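First comes the structure, then the notes that go with it.
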Amino acid sequence: MKLRHLFFLPGILLLLFLGYPLIKMMFNVDPSILLDTAKEKEVINSIILTLRASLIATIAALITGIPLAYIFARKEFPGKKILEGLIDIPVIIPHTAVGIALLSAWGRHSFISKSTGLNIVGTEIAISMAMFFVSVPFLINSVKSGFRMIDPRYEKTALTLGASPWQMFYTVSLPMVKKSIISGSIMMWGRGISEFGAVIILAYHPVTAPVLIFERFQNYGLKYALPVTVIMILISLMIFTIIRIYEARK
Amino acid sequence: MEIRLNNVNKKLGDFHLKNLNITISEGEYFVLLGPSGSGKTKTIELIAGLLNPDSGSISGVEGKQTGLIYQDYMLFPHLNVYENIAYGLRFRDLRKDEIRKKVENVSEEFGISHLLHKKIEMLSGGEKQRTAIARATILSPDIYIFDEPTSALDRTLKEMTRSLFRKFHKRTGKTFIHVTHDFEEAISLADKIGIIFNGEIVQTGTPDEIFKCPASKTVADFLGFKNVIKGEVKNGIFNSDGVNIAVNGEDSSLTYIAVRSDDILLSEKEIESSARNSFIGEVTDIYKRSSGVEVIVDVGLPFIVEITRKSFDDMSIKEGSRLWVTFKVSSVRVFSHDTDIHDGDR
Numbered sequence: 243m244k245l246r247h248l249f250f251l252p253g254i255l256l257l258l259f260l261g262y263p264l265i266k267m268m269f270n271v272d273p274s275i276l277l278d279t280a281k282e283k284e285v286i287n288s289i290i291l292t293l294r295a296s297l298i299a300t301i302a303a304l305i306t307g308i309p310l311a312y313i314f315a316r317k318e319f320p321g322k323k324i325l326e327g328l329i330d331i332p333v334i335i336p337h338t339a340v341g342i343a344l345l346s347a348w349g350r351h352s353f354i355s356k357s358t359g360l361n362i363v364g365t366e367i368a369i370s371m372a373m374f375f376v377s378v379p380f381l382i383n384s385v386k387s388g389f390r391m392i393d394p395r396y397e398k399t400a401l402t403l404g405a406s407p408w409q410m411f412y413t414v415s416l417p418m419v420k421k422s423i424i425s426g427s428i429m430m431w432g433r434g435i436s437e438f439g440a441v442i443i444l445a446y447h448p449v450t451a452p453v454l455i456f457e458r459f460q461n462y463g464l465k466y467a468l469p470v471t472v473i474m475i476l477i478s479l480m481i482f483t484i485i486r487i488y489e490a491r492k
Numbered sequence: 012m013e014i015r016l017n018n019v020n021k022k023l024g025d026f027h028l029k030n031l032n033i034t035i036s037e038g039e040y041f042v043l044l045g046p047s048g049s050g051k052t053k054t055i056e057l058i059a060g061l062l063n064p065d066s067g068s069i070s071g072v073e074g075k076q077t078g079l080i081y082q083d084y085m086l087f088p089h090l091n092v093y094e095n096i097a098y099g100l101r102f103r104d105l106r107k108d109e110i111r112k113k114v115e116n117v118s119e120e121f122g123i124s125h126l127l128h129k130k131i132e133m134l135s136g137g138e139k140q141r142t143a144i145a146r147a148t149i150l151s152p153d154i155y156i157f158d159e160p161t162s163a164l165d166r167t168l169k170e171m172t173r174s175l176f177r178k179f180h181k182r183t184g185k186t187f188i189h190v191t192h193d194f195e196e197a198i199s200l201a202d203k204i205g206i207i208f209n210g211e212i213v214q215t216g217t218p219d220e221i222f223k224c225p226a227s228k229t230v231a232d233f234l235g236f237k238n239v240i241k242g243e244v245k246n247g248i249f250n251s252d253g254v255n256i257a258v259n260g261e262d263s264s265l266t267y268i269a270v271r272s273d274d275i276l277l278s279e280k281e282i283e284s285s286a287r288n289s290f291i292g293e294v295t296d297i298y299k300r301s302s303g304v305e306v307i308v309d310v311g312l313p314f315i316v317e318i319t320r321k322s323f324d325d326m327s328i329k330e331g332s333r334l335w336v337t338f339k340v341s342s343v344r345v346f347s348h349d350t351d352i353h354d355g356d357r
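Chains A and B, in that order, give the protein sequences. Counting from 243, one number per residue, gives the positions in the first sequence under our numbering. Counting from 12, one number per residue, gives the positions in the second sequence under our numbering.
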């Protein structure tokens, strides 16, 4: 047996492990119930809310994260390693803990809330904030490694050709990391959509799709949770497939 | 106005450019020569204003447009050839049709008009180089800076490119600063050479001055060629100070030749052989080295000849001995500085 064949076997097992539950779930759902569920206002609203909240989080991360990624990629300064480690923290701590941390910083009894009168708990903003917190490392790390890959001499060449540092950034640096920005954004958006733990602590209502799935499972059991789950998975798959195909074409 | 670096210091991580003093006259072809990692690129980045010195000053570059062409050309991969060439004009107050006109003119000059809509990745090495030079030229720079422009090319292409650079320098009349680790390139192009080692300029001068009189053993070793002579070539004969040497080279009023010290034979009697260059002279100096012995024989010009310790002992060479110096035409490298005679199209 060739090495290639030996490598196929564990690979197939892995793919089965990932694929089987998804496929099984698809076939376990009665198509007519699926259709009825898809028409439910609560379901439609929760899915739109989820996609939108994560999109807002991603846009906020693009605005604040790209400059930070550039600094991480280009500059050396004391404490840089620590700050870079800080960005990765959301990936390794439990997301319920993230929710608790955000609640203590922004909740009703927090300093911010008391001093400004702002109360974000139970709002769409809170959902976006939770999503932002847990998924921003995907964007920053992707864009940072994108910037690292660019030879700084491209930027220096732009400067000698008369570009100001700002012009250099948006005519050379930024277009050259376009791929990393897009793939980082997709990763972040997708990760945001799937967030449950941090979101449910900060905002049970308005109900996002992952919370809705949990709620129906808790109250009515597996049978009622399945159709929403399938719809959510199908919509996510569709969106990301379209984006990937569109990207590959360009 | 000449470019002047006065006691420039710059620390970059572990690397230190130390007390750089360089003067480059207007219109001069200056070659910065040094091994890799010696600080050549950092030095030109200082001159181009991309780095600021920690101490010392740089004059003669304020308000000047510099055209810096890096090794590997640094053409923007997300722009096509046209957009690359037009890049610097974006930041000037020009109309679209004015930009188009300028790009068309400069691309015609460099013979790349047919490539304007190509992607950078589709270009050959030579096309990339011409595009990069066109992109710099369109801004009419006062100073051209080339960073190792031929290091990626093979030998034949290298020599062709050198001749193009000479022509280009002559045509523009601008100050050229050219970075290389290749001493042959330095001799064939430079009006003046600056040698940099480990962040320090160890010697500056004309090719003649540097090769005749290397400032240190390190410089001499780096240069490899010990016998570099300035003179002129007529009908295959190189003449310097009345000594005639047969060479393979075209007529030129300014030429350097170089003969490796270990390509020369020493003998007590004249050798009957196919080697066409044979001269009698007197031994003026003897240097014992770990690798062998260097014998300086004055035949009207001093020749440095490297022989083994054993040959040296067997021949019992002393200062004042009269010996024959013999070498083949093919061991003479010729570096012509004349563009007019070489180039048929001018």
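Glycine residues also receive a C-beta, built at the ideal position from the N, C-alpha and C atoms. Please read these numbers as outputs of a predicted model, since none were measured by experiment.
At the C-beta level, A:K398 and B:L61 come within 8 Å of one another. In the same chain as A:N270, and ignoring 5 residues on each side of it, the C-beta atoms closer than 8 Å to its own belong to L468, in chain order. Annotation note: the segment 246-328 of chain B contains the following uninterrupted beta strand (DSSP E) runs of length 3 or greater, listed N- to C-terminal: 248-251, 254-257, 263-270, 276-278, 288-299, 304-309, 313-318. Remark: C-beta atoms of B:D193 and B:Y40 do not approach each other more closely than 8 Å. Cβ neighbours of A:M430 within its own chain (closer than 7 Å, five residues either side excluded): T300, A303, S377, V378, F380, L381. Contact between B:R141 and B:I123 is confirmed by a C-beta separation of about 5 Å, below the 8 Å threshold.
Around A:P417, the beta-carbon contacts reaching into chain B at under 7 Å are H89.
Assigned with DSSP and collapsed to three states, A:F438 falls in coil, not helix or strand. Excluding sequence positions up to five before and after B:G99, its CB lies within less than 6 Å of the CB of L150, all in the same chain and listed in chain order.
In the DSSP assignment, B:E211 forms a beta bridge with B:F208. Under the Cβ criterion of 8 Å, A:V414 is counted among the residues facing chain B. With respect to the C-alpha of B:F314, the residue from B:S341, B:K299, B:G303, B:D273 having the closest C-alpha is B:D273. Interface flag for B:E281 against chain A is unset, since no Cβ pair is found closer than 8 Å.
For A:Q409, the C-beta contacts it makes with chain B under 7 Å involve F102, in order along the chain. In the three-state reduction of the DSSP assignment, A:L476 falls in the helix class. Closer than 8 Å at the C-beta level to chain A, one finds these residues of the segment 139-171 of chain B: R146, A147, L150. Burial check for A:M371: the Cβ neighbour count within 10 Å reaches 16 or more, so the residue is buried. As the crow flies, the alpha-carbon of B:P218 is around 22 Å from that of B:V308.
The beta-carbon of A:Y396 is placed less than 8 Å from the nearest beta-carbon of chain B. If you draw a 10 Å sphere on the C-beta of B:K21, you find 16 or more other C-beta atoms in it, and that means buried.
DSSP places B:K22 in the uninterrupted beta strand (DSSP E) bounded by 14-23. In the three-state DSSP reduction, A:F319 falls in the coil class, being neither helix nor strand. Close to B:Y81, with beta-carbon spacing below 7 Å, are these residues of chain A in chain order: R395, T399. Setting aside the 5 residues that flank it on each side, A:P336 is surrounded in the same chain by G439, each with a C-beta closer than 8 Å to its C-beta; the list follows chain order.
In the DSSP annotation of this structure, the continuous segment of the alpha helix (DSSP H) that includes B:F222 starts and ends at 218-223. Closest in C-alpha terms to A:I423, from the list A:I435, A:P407, A:F389, comes A:F389. Against B:E56, the close residues of chain A are K398, in the order they occur along the chain (beta-carbon pairs closer than 8 Å).
In this structure, A:M373 places its C-beta atom within 8 Å of the C-beta atom of A:S296. Take B:I248, set aside five residues on each side of it, and the residues of its chain with a beta-carbon closer than 8 Å to its own are N255, I256, A257, V258, in chain order. Residues of the segment 328-344 of chain A that bring their beta carbon within less than 9 Å of a beta carbon in chain B are absent altogether.
The bridge partners DSSP lists for B:T34 are B:R15. Checking the DSSP bridge columns, you'll see B:V336 partnered with B:L277, B:F290. By the 16-neighbour rule on beta-carbons within 10 angstroms, A:I442 is buried. Using a CB distance cut-off of 8 Å, B:M85 counts as an interface residue toward chain A. By the 16-neighbour rule on beta-carbons within 10 angstroms, A:E284 is exposed. With its beta carbon less than 8 Å from one in chain B, A:G404 belongs to the interface.
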